[in-house]
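Each step along the sequence shown adds one to the number in my numbering, with nothing skipped, and position 393 is 645.
Think of the CB as a built atom: it goes at the ideal place given N, C-alpha and C, for glycine as much as any other residue.
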Amino acid sequence: MSVRVRFAPSPTGYLHVGGARTALFNWLYARKMGGVHILRIEDTDRERSTEAHTQVILDGLRWLGIEWDEGPYFQGAFGARHRADAERLLAEGKAYRCFCTTADLDAQRKAMAGMKTAFRYDGRCGRLGAAEVEAKVAAGTPSAIRFRMPQGEIAWDDAVHGRISFQGHDLDDLVILRSDHTPIYNLAVVSDDIEMRITHVIRGDDHVSNTPKQIALYRALGHEPPVFAHVPMILGDDGKKLSKRHGATAVGDYQDKGILPAAMRNFLALLGWSPGGDREILPEAEMIAAFSLEGIQKKPAVFDTAKLEWMNGQYLSQLSADALLAPTERELARMGVTAPGRDLRPLIDSVKARSRTILNIAEQVAVRLDPSRVVRDAKGEQLAAKLGTAFSANLAVVADALDRIPAAEWHSDRILADMKALAEARGAKLGDLLQPVRVVLTGSTVSEPVNDLLVVVGREESLARLNAGVRT
253 MSVRVRFAPS
263 PTGYLHVGGA
273 RTALFNWLYA
283 RKMGGVHILR
293 IEDTDRERST
303 EAHTQVILDG
313 LRWLGIEWDE
323 GPYFQGAFGA
333 RHRADAERLL
343 AEGKAYRCFC
353 TTADLDAQRK
363 AMAGMKTAFR
373 YDGRCGRLGA
383 AEVEAKVAAG
393 TPSAIRFRMP
403 QGEIAWDDAV
413 HGRISFQGHD
423 LDDLVILRSD
433 HTPIYNLAVV
443 SDDIEMRITH
453 VIRGDDHVSN
463 TPKQIALYRA
473 LGHEPPVFAH
483 VPMILGDDGK
493 KLSKRHGATA
503 VGDYQDKGIL
513 PAAMRNFLAL
523 LGWSPGGDRE
533 ILPEAEMIAA
543 FSLEGIQKKP
553 AVFDTAKLEW
563 MNGQYLSQLS
573 ADALLAPTER
583 ELARMGVTAP
593 GRDLRPLIDS
603 VKARSRTILN
613 IAEQVAVRLD
623 PSRVVRDAKG
633 EQLAAKLGTA
643 FSANLAVVAD
653 ALDRIPAAEW
663 HSDRILADMK
673 ALAEARGAKL
683 GDLLQPVRVV
693 LTGSTVSEPV
703 NDLLVVVGRE
713 ESLARLNAGV
723 RT
């Protein structure tokens with residue numbers, strides 16, 4: 253049977269990085285096995301599901317380059333089948349009507365409050381006689397449908413964790429259809445997976461507790477369950493479940509921060525999966541070829557933002573200025589920086605090696621375009637304090653020498669040659685002369701070579717900034 257997997261997000265919020273990683277693992281496995289990747293939007297939570305959240309999920313997947321072969325299907329459209337499956341289980345005696353009210357269930361919880369075990373429904377409605385059930389139904393008493401959890405062991409060989417076992421008598425007779433005839437998650441998922449012929453369920457290991465219930469439902473409906481692979485959770489750097497307190501957790505936030513989709517895919521793939529060896533940078537084709545369920549690790553993965561930015565920098569360095577031009581221009585527009593008629597590609601080339609994100613590139617390009625964006629960092633301030641009056645004195649000497657270079661000869665080689673000659677004539681170190689120039693032009697002591705920096709800033713703008721620096 254051909255591999256069929258599904259990514260089934262709930263449209264009740266943004267696309268979390270954990271959900272994106274799950275989608276990626278499903279997509280990689282489908283591509284590796286020549287199978288089908290299905291997108292199913294599980295929108296049965298009517299109060300919290302929104303079209304806006306659905307669109308955010310779709311946009312996030314498209315940005316990441318995780319396409320789907322079927323769908324998106326919307327679970328809410330399959331309510332008739334869900335109800336039919338529940339009624340079938342009821343008719344076959346594998347489920348029963350539950351007439352317990354919220355007050356009844358609260359009373360049961362209070363009665364069990366002193367016990368050390370978790371609350372479990374006592375099954376009282378499952379023991380009602382047929383005549384009593386018929387009388388209640390005839391009287392219009394509201395009822396849900398509960399599944400009779402089979403006794404004995406419910407176990408499976410998880411593709412990540414190995415053998416996992418539960419005992420049926422430790423599990424609730426779960427509600428599968430509410431009194432308003434809407435399905436509960438566990439029934440809807442199983443019904444849909446059967447209909448869509450899902451062969452492998454790859455999802456977060458927070459679903460492990462749902463799996464024995466779903467396995468029992470698969471079998472009650474006459475189907476063997478798919479292969480389950482429960483992937484590890486993603487933790488923050490403090491070892492706790494990743495959440496907003498750790499910073500950005502939505503895929504869209506990383507897009508806004510200037511992370512490239514290829515870098516994000518690569519980073520997410522390595523959160524809980526290893527291709528073997530010490531490989532870190534994995535092009536898409538290599539990622540697909542190397543992926544396997546056996547390579548998914550059991551232990552939780554740690555979301556390391558510094559590593560993501562490093563990896564993004566590796567991808568940035570491989571891109572041409574042409575490829576980076578459009579996203580950089582978008583970031584500059586968001587910053588309110590315009591440069592009509594200016595070719596930004598030389599500026600992008602000059603800064604991309606020291607950038608980790610598109611936003612970094614745009615910020616550095618903006619500094620080279622707009623002197624009002626030059627803000628001295630701590631090291632720039634330290635240099636100015638260390639040199640004292642020599643800071644402006646060196647600027648004055650350099651500005652005078654640069655002013656003698658004609659506009660037609662304002663290029664990197666000529667500037668470097670003149671600066672070396674100036675340093676030699678003054679018996680000074682070249683770096684001592686040029687570091688103040690770097691600070692005045694960028695606010696930092698780190699940049700591309702100063703002769704290249706002067707070229708991308710431009711002759712007139714460079715001289716204006718240096719002369720202003722002399723006066724301050």
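Start-to-end residues for the beta strand (DSSP E) that takes in residue i
i	result
D410	405 to 410
P324	322 to 326
A396	396 to 399
G632	Per DSSP, G632 belongs to no beta strand (DSSP E); it is in the alpha helix (DSSP H), 630 to 639.
S417	414 to 419
R256	256 to 259
A481	479 to 483
6 Å CB neighbourhood of residue i in its chain, flanking five on each side removed
i	result
E700	S602
R300	T264
L469	V442
G331	none
D445	none
S714	L706
I436	V427, I428
A514	Y567
Endpoints, the alpha helix (DSSP H) within which residue i is located
i	result
E561	557 to 569
L429	That residue, L429, is in no alpha helix (DSSP H); its beta strand (DSSP E) goes 427 to 429.
L668	664 to 678
R597	597 to 603
V503	503 to 508
E581	573 to 587
Y470	463 to 472
Residue i to residue j span [Cα, whole Å]
i	j	result
K362	H452	40 Å
H728	I467	Examination of residue 728 is not possible in this model, given that the chain is present from 253 through 724 alone.
V479	K284	16 Å
Q507	Q307	15 Å
E294	M367	35 Å
P658	L576	32 Å
G640	A648	14 Å
V722	A645	7 Å
A355	L512	53 Å
D505	A347	45 Å
D311	K492	28 Å
A521	L276	7 Å
Q327	H433	15 Å
D670	L654	8 Å
A472	D422	18 Å
V627	S461	53 Å
V702	R690	6 Å
L674	D622	28 Å
Three-state secondary structure (DSSP) of residue i
i	result
A365	coil
Q549	coil
A347	strand
G456	strand
G392	coil
R620	helix
K493	strand
G286	coil
I436	coil
L313	helix
V554	strand
H334	helix
I450	coil
R292	strand
L487	strand
H305	helix
Contacts around residue i, its chain only, beta-carbon distance under 8 Å, and the 5 residues preceding and following it disregarded
i	result
V389	R349, S395
I613	G510, L568, L576, T580, E583, I600, V603, K604, S607
A618	L584, M587, V589, R625
V255	Y281, A282, M285, G286, G287, V288, T451, H452
Cβ shell of residue i (< 7 Å), same chain only, five flanking positions each side left out
i	result
A716	none
D424	R372, Y373, M401
E405	S417, Q419
D410	I416, F480, A481, H482
Any chain B beta carbon closer than 9 Å to residue i
i	result
V483	The chain labelled as chain B is not found in the depicted structure, where only one protein chain is given.
Closer than 8 Å: residue i CB and nearest the ligand FMN heavy atom
i	result
A355	Although the ligand FMN was asked about, the structure shown includes no ligands whatsoever.
Problem set entry | 4-residue-minimum alpha helix (DSSP H) runs that sit fully inside the region 510 to 544, ordered along the chain | If we require 4 residues or more, the alpha helix (DSSP H) runs fully inside the region 510 to 544 come out as 513 to 521, 536 to 542.
Exercise. Which full runs of the alpha helix (DSSP H) of 4+ residues lie inside the region 680 to 714, going along the chain?
Worked result: Those alpha helix (DSSP H) runs which fall completely within the region 680 to 714 and span 4+ residues are 682 to 694, 702 to 709.
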